[in-house]
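The number in my numbering is simply the position in the sequence shown, starting from 1, with 529 added. The next block holds one structure in the form of structure tokens; read it before the comments.
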Amino acid sequence: MSAMLQPRFQARVHHRQRAWYFDREAETLPRERLERLQLKRLRATLKDCFENVALHRSRMQAAGVRPADIRSLQDLVQLPFTLKSDLRDHYPFGLFARPRKLLARLHASSGTTGKPTVVGYTHKDIATWAELMARSFACAGARPGDVVHNAYGYGLFTGGLGAHYGAERLGATVVPVSGGGTERQVALLQDFGARVLCATPSYALNIAEVAEREGVDLKRGALEIGLFGAEPWSEAMRREIEAKLGLKAVDIYGLSEIMGPGVAVECEAQDGLHGWEDHFLFEIVEPESGEPLPEGASGELVITTLTKQALPMIRYRTRDVTRLTRSRCGCGRTHLRIKRITGRNDDMLIIRGVNVYPSQIEAVLVGLPGIAPHYQLVLERRGSLDELTVEVESTGFASQDLEKRVSHHIKSRIGVTAAVVVKQPGEVPRSQGKAVRVRDLRPKAS
Ligand SMILES: [Zn+2]
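See below:
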């Protein structure tokens, strides 16, 4: 080994020898203390919402519950839900608990229909967000002094700036490259020696592919950790990205209505995402009835914020389907874990009566011999039936019966009948950020 490689090698050994926390006390709080803190913060949040947000006040009054009635965490179920449509209906600032003049920043998500969803932050909210993102980076294995290559989109989308502030707070060196210009990204990854890559999983795959085409072997470089989120992805895709980039791919979760990225993240065990319970309350409810479900049951994730100033949220329906576990984690963190999110309720397709998430189809496709890990799902209506065509890409050595084989795999693993079209290498559009997985050509309901 050359003398130049020596310090880096030692640093790696050091990382693996003991758990490292960004905020040891908060991350390892015994459950009893954690829940006492949650209740105290919940009551303060409810009081704030009742006094400062007309919608929350009127909903609580309609439900016959006042903030003072909430005496335990179990009482949470008495509170009404908040929906994404509430944000749209009170566009732009109607749900804010602070005057606009006290806000340091606004973000917004592009609405596919109607008004965008606007979220706001006080200076303290931004500091909390940076803190939780720094915690998330450290939980995933990043350390102060690392180079963090941030390929999340900067702008109104919360991904770019959320990761940026968190990496700075951690003490890392941030490369604010944003999305696109993939050839240049490959060069910068190599030249700056990034140890950490932040991107959507689909864009990470695009980077890997461009690197391969340019003859750059990123596996032999400094990259060790990827923080991937902002779209649902499968275990198969994780293995694919890990193999192609030679890093550990870690799932990170967040949504702008709650904060942005950094609400939850996997630790090095890669077995569920630690949700930061000192700042958020997590519940699972039955999606139709809204009834709370016991720990371990699969249902819709509902989140209440505990420290947000500008935009506190009471029982926000995320539409994300998952499970929770409070079982001990080997990393020593006491915060519960959210199981991998299979999909958003809104993304669920119903094909001839069978419910299917795009990520389930991805799990079948990725890793199949002869198939590249790029795909799109095309939905059409023939008569009264919805039909699904799966467009995949061959690796260039497609055998004659490839379409039949892929179709058979989908049918036997998910139970859904799909036509399969195998395209030439490069013909399926590549992600520049959020991947377009579904092309819905069905006539719009009027
Ligand atoms: Zn853990």
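Glycine included, each C-beta is placed from N, C-alpha and C at the ideal position. The model shown is predicted, which means the values in this text are computed figures rather than measured ones.
By the 16-neighbour rule on beta-carbons within 10 angstroms, Leu914 is exposed. The three-state secondary structure of Asp675, taken from DSSP, is coil.
Secondary structure within the segment 632 to 698: the beta strand (DSSP E) runs of 3 or more consecutive residues, fully enclosed, are 634 to 638, 646 to 650, 676 to 679 (chain order). Of the residues Ser587, Leu784, Leu756, Leu631, the one whose Cα lies closest to the Cα of Gly670 is Leu756.
Within 10 angstroms of the beta-carbon of Gln590 lie fewer than 16 other beta-carbons, which makes it exposed.
For Tyr732, the enclosing alpha helix (DSSP H) starts and ends at 730 to 742. Taken in chain order, the complete alpha helix (DSSP H) segments of 4 residues or longer contained in the segment 883 to 927 are 887 to 894.
Pairing Gly643 with Leu685, the inter-Cα distance amounts to about 17 Å. Gly708 sits close to Ala680, with the two beta carbons spaced by under 8 Å. Beta-bridge analysis with DSSP links Cys727 to Asn679, Leu756. Not one heavy atom of ligand 1 sits closer than 7 Å to the Cβ of Arg560. Short note on Ala671: C-beta not closer than 7 Å to any heavy atom of ligand 1. Secondary structure of Ala597 (DSSP, three-state): helix. Around Pro596, the same chain offers Arg572, Leu575, Lys576, Phe579 as residues with beta carbons nearer than 7 Å, after the five sequence neighbours per side are excluded. For Ala667, the Cβ stays outside the 7 Å cut-off from all heavy atoms of ligand 1.
Counting only residues whose CB is nearer than 6 Å to a non-hydrogen atom of ligand 1, the list in chain order is Cys796, Ala798, His803, Cys858, Cys860, Arg862. Within a 10 Å sphere around the beta-carbon of Asn874 sit fewer than 16 other beta-carbons, which makes this residue exposed.
Restricting attention to Lys963, Glu764, Val676, the CA atom closest to the CA of Ala728 is found in Lys963.
DSSP places His938 in the helix class (H, G or I) of the three-state scheme.
Taking the Cα of Ala716 as reference, the smallest distance to any Cα among Ala751, Arg586, Ala892 is reached at Ala751. Counting the other CB atoms within 10 Å of its CB gives Ala778 a total of 16 or more, which places it among the buried residues. Between the segment 785 to 797 and the segment 652 to 663, the count of C-beta pairs closer than 8 Å reaches three or more; the two stretches touch. Close CB contacts of Thr687 within its chain, under the 6 Å cut and outside five residues either way in sequence, are with His636, Ser785, Gly789 (chain order). It is roughly 29 Å from the alpha-carbon of Ile843 to the alpha-carbon of Val885.
The residue from Leu865, Ala740, Ile754 with its alpha-carbon nearest to that of Ala723 is Ile754.
For Leu563, the secondary structure class from DSSP, reduced to helix, strand or coil, is helix.
Taking all protein chains shown into account, His937 has fewer than 16 neighbouring C-beta atoms within 10 Å of its C-beta and is therefore exposed. Under the DSSP assignment, Lys952 falls in the beta strand (DSSP E) whose first and last residues are 947 to 952. Contact between Glu920 and Val907 holds, since their C-beta atoms are separated by about 6 Å, short of 8 Å.
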